[in-house]
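Below you'll find the structure, written out as structure tokens, and then a few comments.
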Amino acid sequence: MKNTLPYLFAGGLALLAAGAAQAEKRTLVISAYPIAQPLFAKHVYEPFKARCGCDIVVETGNNADRIAKLEAHRASPVIDLVLLSDFGMLEAANKGLVAPLDYARLKNYGQIYNFAKNPIGGNFAVGYTIYSVGLVYRSDKVSGIKSWQDLWRSDLKGRISLPDVSTTQGPLMLQMADLAWGGKGDDYATGMQKITAIKNNVVTFSKNSAQLSSLFAQDEIWAAPVARFTWSQLLKTGMPLKWAIPAEGQAAGMNVMGIVSQSKNADLAYQLIDFWLSKEVQTALAMDLVDSPVNQQVVLPKDKAEFNTYGAEQIRSLKFVKPELILKQRSNWIAQWNKAISK
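Counting with mature numbering (1 follows the signal peptide of the UniProt record, and there is no 0), you get residues -23 to -1, 1 to 320 for the letters of the sequence shown.
Okay, structure coming up:
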């Protein structure tokens, strides 16, 4: 009878090796916004999984809920990479929930706009997309818009929508109103006073961008501040709409990425950030109208460029609200708003 021990031993080693390989497959957990997740899976997650040989799990929600989860699991993180607004990331950084980044580990870092580099200070984040907020108006009803002050015109009384101050775009609108009317302080008091003065002219203070499509489609409003990423949806209303870049510029917002403190998968998170910032991925997302690119090497055809915050004119016009200012003033703005406008 042949000695079968060597074969059994070899077979056992093979099974152990297979089990070890299976055990080595790692999972990167991402906290992100819920919007456009199928397209992020197509252009970011699935291609990256093929590269890294890892799995990706995505948890979604708004800024506040996701920051709260990071805080609840501070001692033993369950998230590796978090995507937030710039001021949301600053809040997380102030709470010690994200770790400083080593930008030298990102080979595509040199290709992005300067404003996307270290956007909240302290090396805690990198910008991955921007958006502009300009003014959209009905060209058949309005003679044209050249300034944010035009929202106060008598012919637009009862025909405008403005963002609620509690939304992401609310502080951006406050900034532009303050800038247009000569405000000087960082509390945007002039902007708040001017908006309060025309509150009865506003059809609604919108809580989300989806409301604007209905308001324009139903002929309820003729002008409104609009985020560039919703422009293509507004045009589907069939109304004669035009986009205006006012003389004072456009409000601008930025979403950023950060690595959670004590993440056990920080190396994978760095790899995914770099992949996300690459010309190829940024181009793919812009072409599908998911996110406007921060990589300066992205080149878009005219029909796609129109719906992104892209090109020299758009970039020059951007006016960012400092994230630290939003954190400092947000509760005060909401209190004033509730007293003067929401009552």
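Where a beta carbon is used, it is the ideal one built from N, C-alpha and C, also for glycine.
It should be emphasised that the depicted structure is a prediction, and the values quoted were computed from it without experimental measurement.
Is the beta carbon of V110 closer than 8 Å to that of P223?
Against a cut-off of 8 Å, the Cβ pair of V110 and P223 comes out as no contact.
If you draw a straight line from the C-alpha of A200 to the C-alpha of V113, how long is it?
A200 and V113: Cα-Cα distance of roughly 6 Å.
Rounded to a whole number of angstroms, what is the C-alpha to C-alpha distance between A(-3) and C31?
Low confidence applies here, because A(-3) scores a pLDDT of 45, under 50, leaving its location unreliable and the question unanswered by this model.
Which runs of the alpha helix (DSSP H) spanning at least 4 residues fall entirely within the stretch 226 to 311, listed in chain order?
DSSP runs (the alpha helix (DSSP H)) wholly in the stretch 226 to 311: 243 to 254, 256 to 264, 279 to 282, 289 to 294.
Residue range of the beta strand (DSSP E) that E36 falls in?
Per DSSP, E36 is one residue of the beta strand (DSSP E) stretching across 32 to 37.
Rounded Cβ spacing between A263 and S269 (contact assumed at less than 8 Å)
Between S269 and A263 the Cβ distance is about 6 Å, and since that is below 8 Å, they are a contact.
Among G65, Q14, S191, which has the Cα closest to the Cα of K299?
That would be G65, whose Cα lies nearest to the Cα of K299.
Since I believe P148 is in contact with W314 (beta carbons under 8 Å), could you give me their beta-carbon distance rounded to a whole number of angstroms?
With a Cβ gap of about 11 Å, W314 and P148 do not count as contacting.
Just to confirm, is the Cβ distance from G104 to V276 under 8 Å?
V276 is positioned such that its CB atom lies no closer than 8 Å to that of G104.
I think M231 touches I107, with their Cβ atoms under 8 Å apart; what is that distance to the nearest whole Å?
Confirmed, Cβ separation roughly 5 Å.
Grab the span of the beta strand (DSSP E) containing G104 for me, first residue to last.
G104 -> beta strand (DSSP E) spans 103 to 115.
How would you call I12, buried or exposed, if buried means at least 16 neighbouring beta carbons within 10 angstroms?
Label assigned to I12: exposed.
In this structure, does DSSP put A(-3) in helix, strand or coil?
With a pLDDT of 45 at A(-3), under the threshold of 50, the predicted position of this residue should be treated as unreliable, though the coordinate-derived value follows. A(-3): helix per DSSP, three-state reduction.
May I ask you to report which of helix, strand or coil DSSP gives K84?
K84 falls in the coil class under three-state DSSP.
Measuring CB to CB, does Q239 end up less than 8 Å from P54?
For the 8 Å CB-CB criterion, Q239 and P54 form a contact.
Between the C-alpha atoms of L295 and K2, what's the straight-line distance to the nearest angstrom?
In this structure, the straight-line span from the alpha carbon of L295 to that of K2 is close to 43 Å.
Helix or strand or just coil, what does DSSP make of L139?
Here L139 sits in strand by DSSP.
Hey, quick one: how far does the beta strand (DSSP E) through P202 stretch, first residue to last?
Start and end: 200 to 204.
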